[in-house]
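Note sheet for the following structure.
In this note's numbering, the protein residues as written are 0 to 106.
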């Protein structure tokens, strides 16, 4: 299991790498680009939605959080425990038509 406190600490210590996919998604978000600051805010206030322990090369987790302006953000983070860093796999604003309270996928 990935501990959200470890992810928050990596963000606080600037031990975060963004994948090129995450950067593209952040820039191309339909409702306006998502900034690094917004990702940081959402992670700090975030909660784990789903764990993906079998993801390769590192286990990952889906985190839901709100920015300081209450923008909902989903962030998929992988944790590299050997390097004590987080890799942001993707970031997006969840579609309320596909998510119940941004925490559970609609059937």
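Cβ coordinates follow ideal geometry from the N, Cα and C atoms, glycine included.
Collapsing the DSSP output to three states places residue 28 in coil. CA-to-CA, the gap between residue 10 and residue 85 works out to about 8 Å.
In the DSSP assignment, residue 59 falls within the unbroken beta strand (DSSP E) covering 59 to 65. When only Cα atoms are considered, residue 16 and residue 106 end up about 33 Å apart.
Contact check between the region 19 to 32 and the region 87 to 98: three or more CB pairs, one atom from each, fall below 8 Å, which counts as touching.
Bounds of any beta strand (DSSP E) do not take in residue 101, whose DSSP letter is neither H nor E. Excluding the 5 residues flanking it on each side, residue 26 has same chain C-beta neighbours closer than 7 Å at 32, in chain order. Using a 10 angstroms sphere on the CB of residue 20, the tally of other CB atoms stays under 16, which defines it as exposed.
In the three-state reduction of the DSSP assignment, residue 79 falls in the strand class.
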